[in-house]
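Asker: Here it is, the structure, as structure tokens.
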Amino acid sequence: MSDLTTIRNIGPAFAESLQAAGIMTAEQLREIGADEAYARLLQNGTKPHFIGYYVLHMALQGRPWNDCKGKEKEALRKSFDKLKAQKFDSHKSEMEAFLDEIGVVPAKK
Numbered sequence: 084m085s086d087l088t089t090i091r092n093i094g095p096a097f098a099e100s101l102q103a104a105g106i107m108t109a110e111q112l113r114e115i116g117a118d119e120a121y122a123r124l125l126q127n128g129t130k131p132h133f134i135g136y137y138v139l140h141m142a143l144q145g146r147p148w149n150d151c152k153g154k155e156k157e158a159l160r161k162s163f164d165k166l167k168a169q170k171f172d173s174h175k176s177e178m179e180a181f182l183d184e185i186g187v188v189p190a191k192k
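Using the numbering used here, read the sequence shown as starting at 84 and increasing by one per residue.
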């Protein structure tokens, strides 16, 4: 079994996040694909971020992370928005979820 960091664009920090979400090997990541892997990251508490989403797609295609452009990027944005719209943080109130959705950052204590 190959380490996650053998996949282009997957560094130690990203690999650690994937492992925390139960994705332990490069083979497992390739098998489940970018959408399922990103959903697992969100379920594990990762904040949604479009760049991370498309970096994962580019990684699984063996392409540079910044190779995503034009219509391809637009299509991935639609997929990301659909995935992000799912409820991954059921512990939050409706108000907290809405504020999170519109990009309001919670106050630090």
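All C-beta atoms in this analysis are idealised placements derived from N, C-alpha and C, irrespective of residue type, glycine included.
Around the C-beta of Asn-92, are 16 or more other C-beta atoms found within 10 angstroms, so that it is buried, or is it exposed?
Answerer: Here residue 92 is taken as the residue at index 9 of the sequence shown, counted from 1. Asn-92 should be labelled buried.
Asker: Beta carbon of Tyr-121, beta carbon of Gly-105: below 9 Å?
Answerer: In the sequence shown, residue 121 corresponds to position 38, counting from 1. In the sequence shown, residue 105 corresponds to position 22, counting from 1. Not closer than 9 Å, so no.
Asker: Excluding the five sequence neighbours on either side, which residues of its own chain have a C-beta within less than 7 Å of the C-beta of Gly-145, listed in chain order?
Answerer: To locate residue 145, count along the sequence shown from 1; it is residue 62. Taken in chain order, the residues that qualify are Arg-91.
Asker: Span of the alpha helix (DSSP H) holding Gly-135?
Answerer: Within the sequence shown, the letter at position 52 stands for residue 135. Note, Gly-135: alpha helix (DSSP H), 133-143.
Asker: Would you mind sorting Ser-85 into buried or exposed? The rule is 16 or more other CB atoms within 10 Å of its CB.
Answerer: Numbered from 1 along the sequence shown, position 2 holds the residue referred to as residue 85. Residue burial is scored here from C-beta neighbours: Ser-85 has fewer than 16 other C-beta atoms within 10 angstroms and is therefore classed as exposed.
Asker: How should Met-178 be labelled, buried or exposed, when 16 other C-beta atoms within 10 angstroms of its C-beta is the threshold for buried?
Answerer: Position 95 of the sequence shown, counted from the first residue, corresponds to residue 178. When all chains shown are included, Met-178 counts as exposed.
Asker: On the criterion of 16 or more Cβ atoms from any shown chain inside 10 Å, does Phe-163 qualify as buried, or is it exposed?
Answerer: Residue numbering aside, residue 163 sits at position 80 when the sequence shown is read from its first letter. Burial call: buried.
Asker: In or out: Pro-95 buried (at least 16 other Cβ within 10 Å) or exposed?
Answerer: For this step, residue 95 is matched to residue 12 along the sequence shown. With fewer than 16 Cβ atoms within 10 Å of its Cβ, Pro-95 is classed as exposed.
Asker: Buried or exposed for His-132, please, with buried defined as at least 16 other CB atoms from any protein chain shown within 10 angstroms of its CB.
Answerer: Position 49 of the sequence shown, counting from 1, holds the residue named residue 132. By the 10 Å Cβ count, His-132 comes out exposed.
Asker: Considering only C-alpha positions, which residue in the set Gly-116, Gln-111, Leu-182, Met-107 is nearest to Leu-139?
Answerer: Start at 1 with the first residue of the sequence shown, and residue 139 comes out as number 56. Considering only alpha carbons, the answer is Gly-116.
Asker: Could you check whether Leu-124 and Leu-112 sit closer than 9 Å to each other, using their CB atoms as the reference points?
Answerer: For the purposes of this step, residue 112 is taken as residue 29 along the sequence shown, with counting starting at 1. For the purposes of this step, residue 124 is taken as residue 41 along the sequence shown, with counting starting at 1. Against a cut-off of 9 Å, the Cβ pair of Leu-124 and Leu-112 comes out as no contact.
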